[in-house]
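Quick mapping for you: the protein sequence lines, in order, are chains A and B.
Mapping of the first sequence onto our numbering: position 65 corresponds to residue 65, and the numbering continues sequentially without gaps.
Mapping of the second sequence onto our numbering: position 208 corresponds to residue 426, and the numbering continues sequentially without gaps.
Beta carbons: idealized from backbone N, C-alpha and C, even for Gly.
Worksheet: the structure to be examined is printed underneath.
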Amino acid sequence: MLLATVMTLILSVGAFSLGLVLGALGAALKRARLNVVRWLTEAFTTAARGIPELLIIYLLFFGGSSGIMFVAKIFGYNGYIEINALMIGIVAVGVVQGAYQTEVFRGAVDAVPKGQIEAARAAGMSDLLMFRRILVPQVLRLALPGLGNCCVSAMKETALVSIVGMVEIMRQAHIGAGSTRHPFLFYGLAAALFLALTSFSGAGFRKLEIWARRGERS
Amino acid sequence: MDFQLMAESVVPLLHGMLKTFQLVTISLSIGFCLAIGLALLRVSRQPVVSGAARVYIFVIRGTPLLVQLFLIYYGLGQVEWLRHSIFWVVLREPFWCAVIALIINTTAYGAEIIRGGLQSVSWGEKEAARSFGMSGFLLFRRIVFPIAIRQALPAYGNEVILMVKATSLASTVTVMEMTGVSNAIIADTYRPLEVFLIAGALYLLLNFILINIVRWIERRLSGHLRQPVEAKS
Chain A
1 MLLATVMTLI LSVGAFSLGL VLGALGAALK RARLNVVRWL TEAFTTAARG
51 IPELLIIYLL FFGGSSGIMF VAKIFGYNGY IEINALMIGI VAVGVVQGAY
101 QTEVFRGAVD AVPKGQIEAA RAAGMSDLLM FRRILVPQVL RLALPGLGNC
151 CVSAMKETAL VSIVGMVEIM RQAHIGAGST RHPFLFYGLA AALFLALTSF
201 SGAGFRKLEI WARRGERS
Chain B
219 MDFQLMAESV VPLLHGMLKT FQLVTISLSI GFCLAIGLAL LRVSRQPVVS
269 GAARVYIFVI RGTPLLVQLF LIYYGLGQVE WLRHSIFWVV LREPFWCAVI
319 ALIINTTAYG AEIIRGGLQS VSWGEKEAAR SFGMSGFLLF RRIVFPIAIR
369 QALPAYGNEV ILMVKATSLA STVTVMEMTG VSNAIIADTY RPLEVFLIAG
419 ALYLLLNFIL INIVRWIERR LSGHLRQPVE AKS
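So, in structure tokens, the structure goes:
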């Protein structure tokens, strides 16, 4: 059960980090000048937030290997490639996370007052300097509450990866319940572990939020 | 791309979609009513009552729906006296187990949304109603509830979409809703992408329809905010 908890943690952290990268990228693409890029990003976030995670996991689980091999064939590699359940789990949950975090980041970027961007430009900052000094510190602070929610839901969504055989908390509980015939005990334990994980991360994000807001006037 | 398979899988997936729709509508309509009750308990001045509601919401929102579903489906089936009680008629059906799990889940999420609505009702409006002699249930029915529901509806629309997605978990307890049907077709044909595209499109369609129903209700409830249409002479 302990090992399974570690696995759940690895899955959650991996998926959440992938979500961070995709989310930041998605938020940037949603402000792109090219209409097509904006539309494609919009289509991605709508689809990834509207289609059940379980269906996405099935797609990646059954189609992931052949998809990767198809790409590898284009680059001239003809061997058999198999990706493990951990990778599939991280990618499946991470892609959905990316869509939700895109919206979180977009909202945070929109919340930065326009005057500050203009002021930065007037002070002669280049794009990169403005991004680093003005945009990033504020967006991260504004996005923290939303990211906390995303992190909790990422943890809960990792339970779905158990369906395709990944041994994390839920799978371990399923195995235990099946062999001992004490489903209440094992699923109850799984629920308690998840509750501990989610409340721990929730508390962590609240602490982080207080720390990030220390400079704000109240 | 196997277009023939795509065409052939539409009909079974539509059957699955009907099941998905049933799961969503049954659990949302019951869950919505229970959520109102739970939200009222949550804002109660009795610390025991609001504390109990708080614990329920905390536990349900902190654990995956899959755990809750398995606790009901596998767990309750092991309880001997339940198997011989009248509840077994409901609990032996995977469909109703899924519905119960979904109701338990959406009640907790919905209660938090409605609580936000209830707390957004301003003191002035309640005071004005009191000065008109309204109190208790009349005050709630005429003033607090309509304002709260109007505030909560946009967020509740998100909850509706989350519920549509959540129904896919019913496939893990052998209910053949849309995800279950997709999984069966994929396992038969080993063409995941084709099936995924059709099933995904149907899910988005279902979401689109439901979210527009919520928007329609929202528009009907907020008639006072719209610009008056100018009369044409």
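Here DSSP, grouped into helix, strand and coil, assigns residue 80 of chain A to coil. Pairing residue 151 of chain A with residue 101 of chain A gives a Cβ-Cβ distance that is not under 7 Å.
Taking the CA atoms as reference points, residue 334 of chain B sits about 18 Å from residue 323 of chain B. In this structure, the straight-line span from the alpha carbon of residue 366 of chain B to that of residue 431 of chain B is close to 19 Å. Under the 7 Å criterion on CB atoms, residue 102 of chain A is classed as non-interfacial with respect to chain B. Close to residue 160 of chain A, with beta-carbon spacing below 8 Å, are these residues of chain B in chain order: 282, 284 and 387. Look at residue 361 of chain B here: in three-state DSSP terms it is helix. Under the Cβ distance rule, residue 194 of chain A counts among the residues neighbouring chain B, one pair being separated by less than 7 Å. Per DSSP, reduced to three states, the secondary structure at residue 165 of chain A is coil, with no helix or strand assignment.
If you check the CB distance, residue 223 of chain B and residue 397 of chain B do not come in under 7 Å.
Look at the region 63-85 of chain A: the residues with a C-beta under 7 Å from a C-beta of chain B are 63. Counting only unbroken stretches of 4 or more residues, the alpha helix (DSSP H) elements lying wholly within the region 11-71 of chain A are 35-50, in sequence order. By the criterion of a C-beta distance shorter than 6 Å, residue 321 of chain B is surrounded in its chain by 245, 248 and 249, once the five residues flanking it on both sides are discounted. The beta carbon of residue 430 of chain B does not come within 7 Å of any beta carbon belonging to chain A, so the residue lies off that interface. Around residue 205 of chain A, the same chain offers 148 as residues with beta carbons nearer than 6 Å, after the five sequence neighbours per side are excluded. The residue from A:207, A:187, A:51 and A:83 with its alpha-carbon nearest to that of residue 159 of chain A is A:187.
Contact with chain B is absent for residue 137 of chain A, since none of that chain's Cβ atoms lies less than 7 Å from the residue's Cβ. In this chain, the alpha helix (DSSP H) harbouring residue 437 of chain B covers 410-439. At least 7 Å separates the beta-carbon of residue 4 of chain A from that of residue 90 of chain A.
The Cβ atoms of residue 164 of chain A and residue 85 of chain A lie closer than 7 Å to each other.
Pairing residue 131 of chain A with residue 24 of chain A gives a Cβ-Cβ distance that is not under 7 Å. With fewer than 16 neighbouring CB atoms inside 10 Å of its own CB, residue 80 of chain A falls in the exposed class. Rounded to the nearest whole angstrom, the CA to CA distance from residue 118 of chain A to residue 112 of chain A is 11 Å. Under the Cβ criterion of 7 Å, residue 324 of chain B is not counted among the residues facing chain A. For residue 141 of chain A, the secondary structure class from DSSP, reduced to helix, strand or coil, is helix.
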